[in-house]
Structures are given as C-alpha cells and as structure tokens.
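The structure appears right after this line, and notes come after that.
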C-alpha cells in the first residue's frame, strides 16, 4: 500500500519536473556551499596538524636559545650529544629568491626521531643524495610542483604526507641554503634518554626548554578565519534552505487534493506521513550527493586562494590540493538531510494536523497575516536585543559572531513587516486604480516572496558589510603601507662581517642607513619580535602611532621605554606607562602603540642602543636605506658589483608594497567569491519563488486581465514588482550591512587579528550593488513574466471556467 | 670475524631504512668499486691501524667482556663502534661527511639482556676515532686509550656506555700481545676470495662498575677486542653465521666461526696460545653442532653448541648465559656471553645471525 | 447594432485533438436588449461569451461590438474594449482579492477613466453594499461578492454587459435577488445584456432566449 501511495505521490514530480529541479538544485546549492567551506576548513586543519607534527614537534620538547636569539651554535649540539643528551638538530628558515619563498627545514636523519621522518627520506637508494651536496629536498607533491625550475634550490623530490609549503633537506644543505653555516634553530629532545646525563645548565647554559605546544599555534591563530568561513557557509546554507522550503511547501500544497484522495481511499495518516518523509529523505540524499560534488568543486577552486590567505595573514601553510575527507562530506550529507527536514517539517506538521475533509484546493500557502508579521516582528525585536547585549557585553570572537548572527536573523525576520509597511505607504500615495492595485497586490505577494526576500536581504547585507570592511581595510592598509615603508631600499647582508663592510661603504653614498635589527623572544606568554630603531627623523615623521606622546621617539632613543604593535597591546591589555618585562629580565615602560596590520605576531620596538645593550648578539644584517628614489637602481647595481650581493638580498620599497598589496588582495579574494556565490543563491531563491508564485497567481491576475489589461502590461508590472521588492530590500540591507561592517571592523577584526580599523563608506559600491540586486530580481522575474506575456488566453480563461 | 661483517650485511637485507643508512647503501657483499681493498702481504702498522680507514667501506671496534661480581654472579658486556663510508673517495668534512657511525652496547646477566644503539655521522665531532691519544666514541659512549706514552695505545683502555636501563664504566689492561688473524692480519672470508684486515686484542683484564636498575655492581673479568676493516668481505651466497670467541681457564683462547651458505658451511678460526702465539685453523679442523635451541623474537636460535677441535684436543659444550641475548637494534642479531664446559672450561661470547 | 456575431467558429485543443465548440454561430443584439444564451454543459455558451468579451479570438467568422471588429483588433484594442465597452460578470465573481470593496467597485471605471464617485456610491447603495466598503472580498458572502462584481461591471457604464451564470454559485433565493437587481440596473443603464445560463427559469426572465446545441444556435 505504501508503495502504491509512494508511486502516486512521486508521479507529481514527473508532472512538475521544474519543481523537482528547483528543490534538488536548491538543496544541492545549499549543501554545496556548506560542504565546500567545510572541505576547505578540514583541509586546512589537516595541514596544521601535519605542520605541527613535522618531526614530532607537536609531541617533543625542544631546546632553544634562551635570550631570544635566532640561532644556536652547532657545537652545542655536539657537546650535548657527547654528554649523553639525546637531541636532534633542526634549522628552520625562509628561503627566498626572485619573489619565490619556501620554508626550509634542515634535519639530521641520523638523530631525528625516526617515527616522525617521512619514509621517503630514509629511502636507502637516495640517502646518499640527501646527505651529500647538492643534497635533495623533499616536499609535498604540490610544493615540489610549485618550485620546479627554481634556481638555487637542491634537486627536489615529492613525498606524500608532508606538510605543504616546506622542504626537508639535510641540515648541512639547509645551512648553506639559509646562509647559516654552523648554526641551528633548535634541538628536539628525543623521547628516549639514557640512564644518566648532566644538567642542561652544565653543558649549554644558553639554552632553555620549550614546550611542544608553542610551535603548534597555527590552528589557534587561524581559528577565527575558519570561523569566518564557517559563518559564510552557514549563511549560504540558510539562503539555500529558503529555496528548499518554498519548493517543498509548494509540492505539499499542490498535492493536498491527492493526500485527501489517498486518505479517503484508506491510507492511514501515519503511513502517508511516513511515505512523504521517506520521499523527502530520498530527495535530500540525491541533492546532498550532488551538493557534495559541487562543494568539492567549489572548495577545489577556492582552496589555493584560501591557502594564500592563510600564508599571507598567519604564515600558516595549507595544502592547495583537496582530498575527500569523511568529516566534511558526511557532514555535508547530514546538513542536506537536516536542511530538508527543517524545510519539510512545517509542511509535514500541517499535514498531520489536516482534517480529512479540509478543502482540497490549494489555499494561498503563505497567506498574508498581520498576526504572523507581528509574531515575526517580536522575534526580530528579541534578537535585536540579543545583538545589542552581545555588542555591549560580548567577549572576543564568539561574542562578535553572536552579535552578527542575531543582527542578521533579526533583520531578516523584521524584513516582511518593514516591507509591508513600506508597501502600505506606497498604496496610500498611489493615485490611479492600477497603481493602487499594483501596491496592494505587491503587498499580497509578500508572504509568498518573503523567504526569498529574506535570503536576498542576507546576501545584500553580507555584501555591503563585507565589501565595506574590505574596502575600509584596503584604504587603511595602503595609507599605512605608505607611512610604514618610508625607506627606499632594504638590504640584508649575508653575515655580520659583510654587514659591517656594507655599513662603511654605504655611509657616504646615502642619506641614512637605518638598522632593522631584531631578536625573537617571549613577552607576557606570547612570541614576539623585538626591533630597535635608530634615532632618526624618519620614524617620528612617518611611523603611524595609535597611542603615544610627543616625545615618544626621544624616550625610545634614550633607552627609557618601548612601543608595541596594536596586536600585542590589545592581547596583553596594556596601557601607556605599564612596565613590561623583556626576555632576559630587563623591564621597559610602554610609551606608544603603533598600527601593524597583517602581522600575526606581537612586536616590540626599543631604541637601537637599548636593543644592542640588552641583546649584544642581535642579528645585525638587515638595513633600510634612505636615499634619493632615483638613485635606487644605481645603488642596487653597485651593491651587486661591490659586494656580490644576490638580488634577493635587496628589495626596494615599490616591490615590498607590491607584495604586501598582493597578499592583501588574495586575502579577500575568497571572501569576494563567497559573496558572489551567496548573491547567486539568493537570486536563485527569488527566481524559484517567483516561478512558484507565477502559477498560483493566475486567479489573481486573470480578473485584472479580463477587466482590460493586456498580458504584456501585466507581465511588465510583474517585472517591476520584483524589482521594486528587491529595491526596497536593498534599502533595508544598507543599514544592516553597515552595522555588519562595523561589527566586522571593530569587533571581529580586533578579536581575530588584533587590530581595529576605521570605517569608511563607499556609497558608489551600494549603487553598484543596488543595480546588481535589481538586475538579479529582474532576471529572476524575467522568465515568469515572459511566460505570462505569452500565456494563451485559454489558460487565463480556465480561471473563470474551472470548477475550483 | 666474518660474523660481524655479516651483521652489517644483514642491514642490506633489512627493510629498515635507517639501518641501511647506518650501514652504507651500495651493498656490502656487492660492488666495492672506488673503495680500498685488502692486499695480501700488506703489513699492519700500529698505532696507525688502530684508527679509522675511511677509504674502506666498513670498519669496527668491537669489544666483548665476560665479567663477574665478587659473589660470582656472571655478566657480559658488549661495546661496538661501526664505521661505514656512504660513498667512496674523499670522506668530506662537516655535515657533508660521507662517514656514518653506529654504536651498539649491551649488558647481559642471568636475569636479563639489555641493549642500546646510537647512530651519528662523522665530520661534526659527534662520533669518530683518533689515534693520538687513542679514542673511539659516539655520543657519550667512549673507548679511551689510557696507556702510558710509548706503549701500544690499545694496551690500556677505559670504556663507558649506557642505555635507558643500564650503564657501565670499565678499565681494561692488556696482558698479552695483539693477535693477527689469517696471514698476518689478511683474513680470507670466502672461497671466492673476499677478505678483510683483522686483528684482535683478546688478553684484557677488566675491572670496573656496572650500573643496573638495582644499583651499581663492582666487577672483574676478561675482555676481547676485535678490529676489522674491509670493503667487500662477504660472498653473495653467505646468509648466516655462528661466531665464537672463547677464553679458556688455561689461558689459551679460541676464535672460531662458520659461515652458513648454500652448500656446506665455511669454517675457520684462530687458536691462540696463552703466550699469544696464533695458529690459523683450516676449514676442516673444526667440528660444530647445535645441541638445543631457544625461541627468541619469533625464531629458533641454537643456544647450546658442541665444538670439537681435535688438533688441539678440544671437545667442549658451549652454553649461552641467557638464551634471549637478542640485540633488537635496527639490524637484529644474537650476541651474548657463554659458558664453556668439557675438555676446556671457560667463558666467551657467541654471535649468531641469519636464523629466520 | 450593439453586438453582431456572424458565422463564428471556435475549437479547443483537448487531449491532443481539436474539438469544435462553435460551428458557425450568428447572433445580434440591440442596445437595451437582454438575451439569454442557454444550452447543455459544454455546448460552448461560455466560449461564445468569452469571444464577445474579447478575451479570446474566433477561429473564423466576425464579431463586431459597438462597431469594433474583434477579429481584427490587436491585444491593446481588445483590452481597451474590455475596459470601456464591456462589463463582465463571472460565475465565481472574480473580485480582486487585494483590493477593498470600494476599490473593487470602482476598479474598472477608474481603469477606463470613467470614474464617477456619485454613480459608484449610488450603485453601492442600490446593491446593498453600504457598510462593506472597507472589507476585502474574502470577508464577504457569495451573494455580497456577486453584487460587488455586478457593481464593478456597471460602474464604467459599459454599452454591453456579458454575464456568465452570474447566479450559478449562489443559492436560489440569493440568486434570484441578485438577478433581479442586475436586470433592474441593466435596464436603467440602457445597456444590452447577454447572459449565459443553463436554467430555463432564469432564461425566461430575459427579453429573448437563444439555445446552443451542437455548436449552432437553435
């Protein structure tokens, strides 16, 4: 019996293939965006885990130079081994040439923890190549592919399972690649230690133990970014659900006569509900699978940009190639099922409550009801209150997202009511009979279109919000780059001795030579870089301070204070005048805070003399050169000829800016892409809603036609109606989007990245977006309108003739 | 001491890549092109030849000792440093050195066998051998010459090594001369002519201290040092061996081995009289027969042997102190102290490989 | 002549085959004349009425309404005819659900630019719709809705009223009352009336009566 019932019910879809396509496509799109985002997140998380697990660093303690120095001497390694300490040396560094950059990890296969080494390295046929110059560098297949043909690297070999963006080479090879002969970054402490060994301090007093966890902070740093993506995915999913909800609702309404007949023929209500639920599950599974396939494509297309973003913003390397991980595709299928259940739940519930002899004609399945609008309005108000509370009391990124979510849902819920008010106002202002009818009828369409319009509102607000955030960020960032990079040329010597010669040679030829010397260390529990600045007008003239006194730079020059970047200032909750302990025990007072966009690390700046006094063995190889910009090319040539400095040791201001902006643009490429996709889904939701309504609207349109309007004119009015609704929705979306932008700039950014950005308004963008929204609505309405214009009179006449 | 060569060779057959790393990778029983080869008639020169011979592919300093606590409890220790050239020619310096080093250490008593392993590369000082003063080391494990100037540097040594659950610190004094095996140290290993340079110092008196989980134990006893280097010491069809170094109570000593191959085993050895005079043994002089086996690491290994050397009136039973003296290193093999009964009583060491 | 139908033919496509509904119908109607068009279910009564209203076009023949040849008119002309010349009354009333009674009543008159609030007010009074002005169609009874529809049709003072079973959805008593009212108002306005009905009783109340059988007028 159930089978008979099911086939009768499924026959509906054969007669309404478009409806079926709408339903499947809607659910598939929703699932696709969600699972696409989740696929990206899963891939990134896997990459972090692999990166953290490189050579077992996620499990093993290591020994690092105690005073925040970048390197330790390899003799210390030998001394420790000969004293019984089972340690393995690592040298890590960024190798770059001609704009190509890769993380080099030099290791010693003899002592490295065996279980942590990729098997390939120990391939006995290649180990001699690995050890002997020119060496052999193993990388993830994609890393190797990206670096093929790059001059200056050892021969490359692909190894599965490696973290992307880095190369393993023998430590000796790494030393020459990174120009760090005789130096190591740190020593891994192996798990098995012999029976007795001397105290660390007795052998290597300059080293300190570091817990394994500190090196695996990518996941933590990037968490906010992934939350961001997830939020976007969820938004898209919600937008997609609007489509599914309307399609399922329509299918149920249209089959109500059949439900009645089936029940009259003796099919128990329970069975009918079970059969219909089964049908929904079946459809959800099909759509879910399609959605997962689409999601895979989306993720594969976006992943390289996401990887670039994460590298640019956080220095985290993420594989650019995608694998099918159960955690996201199963999740995607689950979301498809859950989404279908949510979308069908209301319809099934109504069916459950439906009296057997209820009128079989499809009533307006979403009829205007002031009460419903009022209920929605109350819910919207409640959520708005939640948003306000989150804004006032919210903490961190979670608070930010609660604020965002409450804001968006509140706006969406309030939309039908607001539109109804606007349309009522329009009706009051309307003069002619047709105009009056137009406004009144538009208002009557509102319930049927409100889901699609809510979807459109979400898409538009997200677009305005994110667009404003990105544009504000770009404006601020470019200004800041101009200020922050006043020097015309940046050079790095290969060693301290060369640096000294460079200094002497350059002194008479340029305006000023500004050291960029730094040490790394830990301040207030977090990793920081400590720089020194020369007492030079370049800094007071150019360096953008967020907080500070007029004499900040003089205080620094006297060695009596420090300034920190915004990230550190916010993270450590510092105030001017606070004294902060530096690595090594010295204490300095905070005298200023500067903006430092795009840097995941905390940063401290001291006076140059102060820095060298505190950390005498600071790396002194980098300099910024102030000179006539026109003289830069000449200077570069001279440096190459005089010192044999390779071109990658020098970088001019223009190139730095170019790279920074490139990183910036790529960072927001994904956001842009998701924005467009969300808009597309919203447009599709509108289209399906209009299509659905168009068949149900004939009884409303036929009398108007009969009373003297041409079909063409009616079609034109339908088109205008859709665009009017889109336009009005945009009017609501602009303030919502601006609030969203403010939340992103002032709350989410601070929590996620550690910096706050000023908000700028870009009305031209809204205009553009408005045109886009109108175009989307026009497109969505075009086909239904065209169908109306071409409708045979006999179809309209059926309205009068049919016994309904 | 073919057996030790074969221990290294086992690495080649092993699937463990790091083992291969420590061993050299061109294959020991394979091609020796580019490496030095032992020459018949070449006289060994000391103390130069106590040091490393980087132009040969493989080399070792291999010491075993049979020790006893004051209460008579027997112990055995092993201290081995292997050297392997990963490529022929100039060994290079720093990290690019082609010399790989591996250390094995073990301590065996009646209750347990404990072992440890270290590997390192040459060139940076983590492992190596010097002659003046004599020292062989890897990490904190050391074999250090302490002989007065003018005497053979190997005549007095201090020796230390440790693992996670054992350690030892011993002083060794030689009471007899160096013994050259084969033809003045030129030792043939197979019918097809493979050979090595091979000499021993079997006459050490030992005193010192063992570190065991239950505490330190003072010990005394005898030790035997083997020195051997070569580039292609084994024939391809040789797949397992049994090797004995025995101290008899009358002061005489015996080094004997058999290489098990496709056909009949190739047997050889050296009879060392109490005064240090050495007599090479011909292939048919020895009779060897396993008496009983022990189940170790999933294989059956003969841990009780009958050995007969009629020319010297020897007919003895050799019994392992512990049947499970299994070296679970990257190249697993059996190496442990033995007791000798029969016409000659004594102690010694037994090494076996190739039992699958 | 108000309405002149000459040899009109019309067929419908039904289930893939063409079914001839009207096979050469001729009929004419003078101003002030009331004609009942009767016939069995499916005899083509409604089709004939729809053709006269310019809602559809005949396959052959001529229909002239107040001097306008419908067969040659374009969509816009037909729409203009429906707005100003013809008043339509349907069985299902077909009021515009989004508009109030007041707006529905005046809708067609305003569309055709002949809005006359006084006339609308009078119509409302005569139709007994006072007090219902601000209601929506769904809040009215069937009889009330049909009275609004009649008022809507008359409000623009059309020359020709076309009614399709105007009382078909009403009970007999209500139907009779509504019909009385309609006939009275049509008579007052001087318009011609062509009314489709299957009821001989109702047909008898009109001035003339024609019967459709087999696609032809008997």
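Protein chains in written order, with full-length UniProt numbering: chain A, 1 to 804; chain B, 1 to 356; chain C, 1 to 218. Just so it is clear, CB atoms sit at the ideal spot from N, CA and C, and this is done for glycine as well.
Residue pairing by DSSP puts residue 242 of chain B in a beta bridge opposite B/258 and B/352.
Annotation for residue 90 of chain C: no alpha helix (DSSP H) segment contains it, and DSSP assigns it neither H nor E. Under the rule that a run must span 4 or more residues, no alpha helix (DSSP H) segment is found entirely inside the stretch 287-341 of chain B. Following the DSSP letters along the chain, one finds residue 174 of chain B inside the beta strand (DSSP E) bounded by residues 167-174. Using a C-beta cut-off of 8 Å, the stretch 205-215 of chain C makes contact with the stretch 43-63 of chain C, since at least three inter-stretch Cβ pairs fall below that distance. Annotation: residue 601 of chain A is outside any beta strand (DSSP E) and is labelled neither H nor E by DSSP.
Under the criterion of beta carbons closer than 8 Å, residue 114 of chain C and residue 129 of chain C do not qualify as touching, at roughly 19 Å. Within the stretch 178-200 of chain A, the residues whose Cβ lies closer than 9 Å to any Cβ of chain B are, in chain order, 181, 182, 192, 193, 194, 195, 196 and 197.
According to DSSP, residue 6 of chain C shares a beta bridge with C/62. Within 8 Å of the CB of residue 128 of chain A, the CB atoms of chain B belong to 25, 86, 87 and 98, in sequence order along the chain. Exclusion of the five residues before and after residue 174 of chain A leaves 91, 104 and 106 as the residues of its chain whose Cβ lies within less than 6 Å of its Cβ.
Between residue 86 of chain B and residue 272 of chain B, the alpha-carbon positions lie close to 35 Å from each other. In the DSSP assignment, residue 35 of chain B falls outside any beta strand (DSSP E) and carries neither an H nor an E. If you draw a 10 Å sphere on the C-beta of residue 1 of chain C, you find fewer than 16 other C-beta atoms in it, and that means exposed.
Closest option to residue 657 of chain A, judged by alpha-carbon separation, among A/622, A/641 and A/477: A/477.
Short of 6 Å from the beta carbon of residue 79 of chain B, and not among the five residues preceding or following it, lie these beta carbons of its own chain, in chain order: 63, 105, 159 and 161.
Taking all protein chains in view, the Cβ of residue 264 of chain A is surrounded by fewer than 16 other Cβ atoms within 10 Å, so the residue is classified as exposed.
Listed by position along chain B, the residues whose Cβ is nearer than 8 Å to that of residue 84 of chain A are 139, 140 and 162.
In the pairwise beta carbon analysis, the stretch 779-790 of chain A is classified as touching the stretch 711-724 of chain A: at least three pairs are separated by under 8 Å.
At least one CB atom of chain A sits nearer than 9 Å to the CB of residue 95 of chain B.
Taking 9 Å as the cut-off, the Cβ atoms of residue 125 of chain B and residue 194 of chain A do not count as close. Cα atoms of residue 76 of chain B and residue 52 of chain B: separation of roughly 26 Å, rounded to the nearest angstrom. The C-beta of residue 662 of chain A has fewer than 16 other C-beta atoms within 10 Å across all chains shown, which makes the residue exposed. Contact between the stretch 372-388 of chain A and the stretch 399-418 of chain A is present: 3 or more CB-CB pairs across the two stretches fall below 8 Å.
Listed in chain order, the beta strand (DSSP E) runs fully inside the stretch 19-102 of chain A are 62-65 and 87-97, counting runs of at least 3 residues. Using a Cβ-Cβ distance cut-off of 8 Å, the stretch 634-645 of chain A and the stretch 533-546 of chain A are not in contact, since fewer than three pairs of beta carbons, one from each stretch, lie closer than that value. Between residue 210 of chain A and residue 74 of chain A, the CB-CB gap reaches or exceeds 9 Å. Shown here, residue 482 of chain A sits in a helix according to DSSP, grouped into three states. In the structure shown, residue 54 of chain B adopts coil according to DSSP, grouped into three states. For residue 615 of chain A, the three-state secondary structure derived from DSSP is coil.
Where residue 24 of chain C is concerned, the enclosing beta strand (DSSP E) starts and stops at 17-29.
Rounded to whole angstroms, residue 134 of chain B and residue 45 of chain B show a C-alpha spacing of 15 Å.
For a Cβ distance threshold of 9 Å, residue set 98 of chain C lies close to residue 443 of chain A, ordered along the chain. Judged by their CB atoms, residue 89 of chain C and residue 162 of chain C are nearer to each other than the 9 Å cut-off. Ranking A/655, A/605, A/500 and A/565 by CA distance to the CA of residue 557 of chain A puts A/605 first. The beta carbon of residue 199 of chain C sits no closer than 9 Å to any beta carbon of chain A.
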